[in-house]
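Residue numbers (the numbering used here): 67 to 387. Using N, Cα and C, we set each Cβ at its ideal position, and we do this for glycine too.
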Ligand code: SAM
Ligand code: SF4
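Below, the structure is given as C-alpha cells:
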C-alpha cells in the first residue's frame, strides 16, 4: 500500500468520463463555451481498465463517476453497469441532473445506490444565469425519479454572494422535506477564478452559511466519516446538511482522493496542476502496468498539499471537481 508521511493513502477515485458539459456554470467554465471535451479522451473500456488497475494497485474502494457531465457522454451507459461489477464498496455519480429523466431506468437497473445532483437555485431565471443552459424542472423531475427508485440523493449547491445566497434557505427546505442531504460547497479558487475578481466577489463561506441557517433552524454538529470532505450538521427532527469547506475547514490532512481525467491523467490533489499520464500503461499487460502504476501513484500522492487548499488554475470540469 502506498502511504505518505501524513498517513494518507488513496481510497477514493473520481473518474471524469468526459470534460464536455451541457452547462457552462459561471464558476466552472471560463469561456462560457459548452460541450468542449478534452483532447484524446479515453473510451469506456480504457477507462474501465484504468479503474480496475487502480483498484488493484492503490486499494481504491470508493468510486465517483463525474465530469464534465457524465450523463452527457455515450460512455456512461456502457461504463456504469460494468464498473458496478468491480470489487468496490461504494459507487456514486455526480451529475447536473439534466439527463436524469432519460437515464433513470439505466441507473436504477445498474444497482446504483447513491447519486449527487448539483443544483444552485430553485429559481428558473437564476438557474439559467448560473448554468448558462438547462431547465430547472427537468432537474427536479430527475431528483424525484431517483428518490422514487430508492436512491440516496445528495444535492450539491455552491453559494455565490452575487447570485444565489437568498436561495440557501429555500434549497435547505426543499431538501429537508425530501430526506435529501444538502451539501454546500464553498466556492473553490479554481480555473479562471484563481486570477480574476470572481472568487473574492462571490465567496460565501461556512460561517456565513451557518449564520444564515441559524436564523431559521437550530442545528448541531454531527458525525462524518474520517476522510469525509464535509462538515455535517443535524437539524433535530428534520434532517442533515453538510458544508464542504475547502477554505474555512480544510480537509487536506485526511484527504484520500485520487482523480483520473477523461484523457488519462492522474491528479493527486485538486490544489495542484501536476498530473501523471497513464495512457502508455494501458498498452501493457496487467502485471507490467501495475508495476509502473505504483511509481506514478507515489508521484501523485506526493502532490497532495500538507494542510491547506490553495486553489489552482486547473479547470474543474477537466478533472471532475
Ligand atoms: N457536471 C457535474 C455536476 O455539475 O455535478 C459533475 C462535474 S462538476 C465539476 C462537480 C462539482 O464541482 C459540482 O457540484 C460543481 O458545483 C462543483 N464545482 C465546479 N466548479 C466549482 C468551484 N469553482 N467551486 C466549488 N465547486 C465547484
Ligand atoms: Fe458542467 Fe458541472 Fe461544471 Fe456546471 S459544474 S459547468 S454542470 S461540469
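- CA-CA distance, residue 257 to residue 273, rounds to 24 Å.
- The closest CA to that of residue 100, considering only 197, 177, 236 and 328, is found on 197.
- For the options 83, 303, 359 and 236, the alpha carbon positioned closest to that of residue 343 is the one of 359.
- Taking C-beta atoms under 8 Å as the contact rule, residue 152 and residue 118 qualify, at a distance of about 6 Å.
- Distance between residue 248 and residue 186, taken at the CA atoms: about 11 Å.
- Taking one beta carbon from each stretch, the stretch 216-229 and the stretch 173-180 have 3 or more pairs nearer than 8 Å; the two touch.
- Note on geometry: alpha-carbon atoms of residue 191 and residue 201 lie some 10 Å from one another.
- With respect to the 8 Å criterion, residue 141 and residue 204 are not classified as neighbours on the basis of their beta carbons.
- Nearest to residue 163 by alpha-carbon distance, out of 290, 295, 114 and 89, is 89.
- Scanning its chain for C-beta atoms nearer than 6 Å, with the 5 sequence neighbours on each side dropped, one finds around residue 270 the residues 225, 227 and 231, in chain order.
- Residue pairing by DSSP puts residue 158 in a beta bridge opposite 130 and 180.
- In the structure shown, residue 218 falls within a strand segment according to DSSP collapsed to helix, strand and coil.
- C-alpha of residue 104 to C-alpha of residue 347: approximately 19 Å in a straight line.
- In the same chain as residue 323, and ignoring 5 residues on each side of it, the C-beta atoms closer than 7 Å to its own belong to 78 and 80, in chain order.
- Each residue's CA atom was taken as its position, placing residue 265 and residue 94 some 11 Å apart.
- Between residue 206 and residue 304, the C-beta spacing is not below 8 Å.
- Contact annotation, residue 298 with residue 289: C-beta distance approximately 7 Å; criterion of less than 8 Å satisfied.
- Secondary structure at residue 299: strand, using DSSP grouped into helix, strand and coil.
- Here residue 327 is buried: its Cβ has 16 or more other Cβ atoms, across all protein chains shown, within 10 Å.
- For residue 343, the secondary structure class from DSSP, reduced to helix, strand or coil, is strand.
- Counting along the chain, residue 240 sits inside the alpha helix (DSSP H) bounded by residues 234-244.
- Ranked by how close their Cα comes to the Cα of residue 352, the residues 70, 223, 112 and 148 have 112 in first place.
- Taking 7 Å as the cut-off, one finds no heavy atom of the ligand SAM near enough to the beta carbon of residue 84.
- Judged by DSSP secondary structure, residue 324 falls within the beta strand (DSSP E) whose first and last residues are 323-326.
- CA-CA distance, residue 334 to residue 276, rounds to 30 Å.
- Judged by DSSP in its simplified three-state form, residue 380 adopts coil rather than helix or strand.
- For residue 121, the enclosing alpha helix (DSSP H) stretches over residues 110-124.
- Here the distance from the Cβ of residue 382 to the nearest heavy atom of the ligand SF4 is below 7 Å.
- Classified as buried, residue 159 has 16 or more neighbouring CB atoms from the shown chains inside 10 Å of its CB.
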